[in-house]
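Taken in sequence, the protein lines are chains A and B.
The numbering of the first sequence is the numbering used here, which starts it at 210 and goes up by one.
The numbering of the second sequence is the numbering used here, which starts it at 82 and goes up by one.
Think of the CB as a built atom: it goes at the ideal place given N, C-alpha and C, for glycine as much as any other residue.
Treat the numbers as computed from the prediction; the structure is a model and nothing was measured.
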Amino acid sequence: MLQEENLAGRIQSLALKSEETVELPPIQLTSAQVTAEFEEDLVDRPELIATLQRGSVLNPVRESPQENIFSVDGPTKNFWIKVLHSRGDVSRIERVHIIGVARRGSKTQHIELD
Amino acid sequence: MPVTTRQLLRLIHVIEQRFDLTNREKEELLSILDDPSEADEALVSGYFDWLFPRATVKVSSSDGAQKWELQIGPHAQIEAVLDNIHLDDLIYLFQRFLDKVQAHEVELVETKYVITGSNARQQLISIVVFVRDDLTARVATTYLGRPLKSERGVRFHI
């Protein structure tokens, strides 16, 4: 359904954008603050929360022209995430959205079909 | 890269055609798209994601030996709409990928694949797919052209 309260105040959470590596200080997130593009990826949510809790390094994803998807390594998994912060306060992380999860250290394969 | 007017017009067109939305919902959504900077913020923050629930399609190689479930989430669907990439294009590209994999007896492993190739309209498209052991492949992102930047990784032509 339409998010009425957000519409009234328009967009309150903005996506972090950067072409450079971002060092995140330790952040505390509840489970509700970590969402996923594919709900099956939520099984790895505890590892991501614990990783972000320790402080983490976000690397812009090189395979996408966008600047709002970051790669972060947990102990066993590699996460592609979007980081949503409060308007007017970049340090206040409101939500982290998981785009994809792979094994940590797995190599990206580039395939040219033509 | 900020969203362009042309891209916004494509999204507006899709929203206008949606029969499952009320006129009020459409008006409110379209009012956000009136302002390009607000539209850009809304798009990257996932505000429109709920409009595009996951699409799941069974895709097989031409010989039927490879059978996969291709899943496309809201993020990738919105990117596709903005770039005039159709769901059929993603299926076509993934099927070609499976055909090549099958023809060259390449074993797919659980990792990310950046697949670049032309669609039926001769547009060069890239998709990033998270391939999983359970024979599902999740499209994480899609865009026109090939990746400008390259991460450490294996590049091969098959």
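- In the DSSP secondary-structure assignment, Y194 of chain B is bridged to A:Q318 and B:V210.
- Listed in chain order, the beta strand (DSSP E) elements of length 3 or more contained wholly in the segment 218-275 of chain A are 222-224, 231-233, 243-245 and 265-269.
- Judged by DSSP secondary structure, D180 of chain B falls within the alpha helix (DSSP H) whose first and last residues are L168 to A184.
- Residues of chain A whose Cβ lies closer than 8 Å to the Cβ of I96 of chain B do not exist; the shortest such Cβ separation is about 12 Å.
- Setting aside the 5 residues that flank it on each side, D250 of chain A is surrounded in the same chain by I307 and V310, each with a C-beta closer than 6 Å to its C-beta; the list follows chain order.
- Only those residues of the segment 250-274 of chain A whose C-beta falls short of 7 Å from the nearest C-beta of chain B are listed: R271, E272, S273 and P274.
- E188 of chain B sits in coil when the DSSP states are folded into three classes, being neither helix nor strand.
- Chain order gives the chain A residues near S126 of chain B as I220, S222, L223, A224 and L293, where near means a beta carbon separation below 7 Å.
- The shortest C-alpha to C-alpha distance from L229 of chain B to any of A:I302, A:V292, A:Q275 and A:T244 is the one to A:Q275.
- L179 of chain B and V299 of chain A have their alpha carbons spaced roughly 42 Å apart.
- Per DSSP, the unbroken alpha helix (DSSP H) holding D121 of chain B starts and ends at P117 to V125.
- Here the alpha carbon of K316 of chain A sits roughly 11 Å from the alpha carbon of N287 of chain A.
- From the listed residues B:L92, B:T103, B:T85 and B:P117, the smallest Cα separation to I220 of chain A is found for B:P117.
- A check of alpha carbon separations from E232 of chain A across A:Q242, A:P269 and A:A224 identifies A:P269 as the nearest.
- Membership of A157 of chain B in the alpha helix (DSSP H) is indicated by the continuous run P155 to L163.
- Using a CB distance cut-off of 7 Å, P134 of chain B does not count as an interface residue toward chain A.
- Excluding five sequence positions before and after R254 of chain A, the CB atoms of its chain that fall closer than 7 Å to its own CB belong to S240 and V243, given in chain order.
- Contact with chain A is absent for R99 of chain B, since none of that chain's Cβ atoms lies less than 7 Å from the residue's Cβ.
- When beta bridges are read from the DSSP output, A311 of chain A appears opposite A:N287.
- Y224 of chain B reaches chain A at S273, P274 and Q275, counting residues in chain order whose Cβ is nearer than 9 Å.
- The segment 108-124 of chain B and the segment 134-147 of chain B do not touch, with fewer than three beta-carbon pairs separated by less than 8 Å.
- Chain B has no Cβ within less than 7 Å of the Cβ of E232 of chain A.
- Each residue's CA atom was taken as its position, placing L90 of chain B and R263 of chain A some 42 Å apart.
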